[in-house]
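Everything in the sequence shown is counted per numbering that gives the first Met the number 0, starting at 0 for the first residue and increasing by one. In what follows, a single structure is set out as structure tokens and then discussed.
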Amino acid sequence: MIKLKKQRHQGAKTLLGTIVNVLTIILGTLLGTALKNRFDEKIKNTVMQGLSLTVMVIGISMAVKTENMLVLTLSVVIGGIIGELLKIEERLDGLGRKLEAQFTDESGSFTRAFVTASLMYCVGAMAVLGSIQSGLNQNYDILFVKSLLDGTTAIVFSSTMGIGVAFSAIPVLLYQGAITLAASSVKDLLTASVITEMSAAGGLLIFGIGINMLNTKVTIKVGNLLPAIFVAIPLAIILAGLS
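Below is the structure:
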């Protein structure tokens, strides 16, 4: 009985980042619904720019912890090639457009709000990276920042589209929770150095997300770079064996 309670407590702790994310979406929706169209565009832009800078700092702080720059470099190069060949970013964008178009044509504002917000919160590198980081070493920094971003966008979305945004918290819980638990279940098979290199590769991608959030002319295909996180595993093991 004690062991079972301990396992439940550990599972809840592992999912803390996702739980906070879900709560911020719901609270943001309630606030946005109350405000309706009163949310100032200038305030929104300034807040989003500030959060993007925070995302970039988190990314760099993770990337510089690499113990082998060659692993990080090769992971990004090889991962980028794999991502381009698989066209990950194009497929994710295409899926999002198809789903949104389908539901927008057939349903009212509630479904449109639900689908739009769900895609925004789930189809992104930050959701994947944050969940993996949370599962591997219970580091919630990425998901906490994502929670702030999602809460802010929930205010904006719900002020124009309504309460349907709040229900996007359900797929967020299922999607991010599944990734977190999957990462947690395999972390014992990974060495500390491998986890470090995975986190470093992920941090570099997080930095790219921050750049994209600034809406500059430069757009980094972070989705196509996602394989770099997993490429870091064999590279770290191989190079560690050679040293």
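Ideal placement from N, C-alpha and C gives every residue a C-beta, glycine not left out.
Below 8 Å on the Cβ atoms is my guess for residue i versus residue j; work out the distance and round it to an integer in Å.
i, j, result
"GLN175", "ASN20", "7 Å"
"GLY201", "ILE228", "5 Å"
"GLY78", "LEU203", "Not really, about 10 Å apart at Cβ, beyond 8 Å."
"VAL155", "LYS64", "Not confirmed; about 34 Å, so no contact."
Taking 6 Å as the limit between beta carbons, can you name the residues of its chain near residue i, skipping five residues before and five after?
i, result
"SER106", "Confidence at SER106 is low in this model, with a pLDDT of 49, below 50, so the placement of that residue should be treated as unreliable; the coordinate-derived value is given next. Cβ within range, chain order: n/a, list empty."
"ASP104", "Note that ASP104 scores a pLDDT of 47, beneath 50, so its modelled location is shaky; the value from the coordinates is reported in the next line. Once the five neighbours on either side are set aside, ASP104 has no close Cβ partner at all."
"LYS220", "GLU88"
"GLU83", "ASN223"
"ILE232", "VAL193"
"LEU29", "none"
Beta carbon of residue i, beta carbon of residue j: below 9 Å?
i, j, result
"SER183", "LEU135", "yes"
"LEU147", "LEU14", "no"
"VAL230", "ILE81", "yes"
"LEU128", "PRO226", "no"
"LEU238", "ASN67", "yes"
"ALA153", "ALA126", "no"
"GLY49", "SER130", "no"
"ALA62", "GLY222", "no"
"GLY250", "THR218", "The displayed coordinates of the chain run from 0 to 242. Any statement about residue 250 would go beyond what the structure contains."
"ALA235", "VAL70", "yes"
Excluding the 5 residues preceding and the 5 following residue i in the sequence, name in chain order all residues of the same chain whose CB lies nearer than 7 Å to its CB.
i, result
"CYS121", "PRO170, VAL171, TYR174"
"THR45", "none"
"GLY150", "THR23, ILE24, LEU26, GLY27"
"TYR139", "LEU15, GLY16, SER133"
"ILE18", "none"
"GLY240", "none"
"MET119", "THR152"
Should residue i be flagged as near chain C, meaning a C-beta pair shorter than 9 Å?
i, result
"ILE154", "Checking the listed chains, one finds no chain C in this structure; it contains a single protein chain."
With a CB to CB cut of under 8 Å and the five nearest residues on each side skipped, what residues in its chain are close to residue i?
i, result
"GLN137", "LYS12, THR13, LEU15"
Quick test of the definition: if touching needs 3 or more C-beta pairs under 8 Å, does the region 46-60 touch the region 211-221?
The region 46-60 is in contact with the region 211-221.
Counting beta carbon pairs with one atom in the region 194-210 and one in the region 64-77, are three or more of them shorter than 8 Å?
Verdict: yes, contact present.
Uninterrupted alpha helix (DSSP H) stretches inside the region 31-76 (no shorter than 4 residues)
40-62
For the pair the region 21-31 and the region 161-169, tell me if three or more CB-CB distances fall below 8 Å.
Yes: the two stretches touch, three or more of their Cβ pairs being nearer than 8 Å.
Enumerated in chain order, which unbroken segments of the alpha helix (DSSP H) with a length of 4 residues or greater are wholly contained in the region 141-194?
Those alpha helix (DSSP H) runs which fall completely within the region 141-194 and span 4+ residues are 168-185.
Beta strand (DSSP E) segments (min. 3 residues) lying fully within the region 188-231:
none
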